[in-house]
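Going by the working numbering, the residue at position 1 of the sequence shown is 24; the numbering climbs one at a time, nothing skipped.
One structure is given here, and the rest of the page talks about it.
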Amino acid sequence: MSVDKQTVAKIASLARIQMGDAELERMVPELNNILNWVEQLGEVDCSGVEPMTAVIPNTLRLRDDVVNADPLTGGDRRDDILANAPAREHGFFGVPKVIE
Numbered sequence: 024m025s026v027d028k029q030t031v032a033k034i035a036s037l038a039r040i041q042m043g044d045a046e047l048e049r050m051v052p053e054l055n056n057i058l059n060w061v062e063q064l065g066e067v068d069c070s071g072v073e074p075m076t077a078v079i080p081n082t083l084r085l086r087d088d089v090v091n092a093d094p095l096t097g098g099d100r101r102d103d104i105l106a107n108a109p110a111r112e113h114g115f116f117g118v119p120k121v122i123e
């Protein structure tokens, strides 16, 4: 796949980039080099390689999901929190309707 000056001009127009003729001519070989490099990547046999998210193996350090881990900020305090609410509806904060 290769691009010409008209294709580069269309890409620049879609990206809202104003380019002169000299800049368009300069971009043609650069974009063609990028496309050739992508084609080379497609030729690499990676059928035996498993997908990975990082170069080194790592695991996330996660805490246990405990609702009442901290009695001050933990869960199961709905009634205490809603006691200060100006409007309560079905155990939630009541808010005025803003969309008709």
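Using N, Cα and C, we set each Cβ at its ideal position, and we do this for glycine too.
Sequence-distant Cβ neighbours of Arg-49 in its own chain, meaning closer than 6 Å and more than five residues away, do not exist here. Residue Asp-27 holds the alpha-carbon nearest to the alpha-carbon of Glu-53 among Arg-86, Arg-111, Asp-27 and Asp-88.
Arg-111 sits in a strand when the DSSP states are folded into three classes. Around the Cβ of Val-31, a 10 Å sphere holds 16 or more other Cβ atoms; the residue is buried. Nearest neighbour of Leu-95 by Cα position, chosen from Leu-58, Ile-104 and Asn-59, turns out to be Ile-104.
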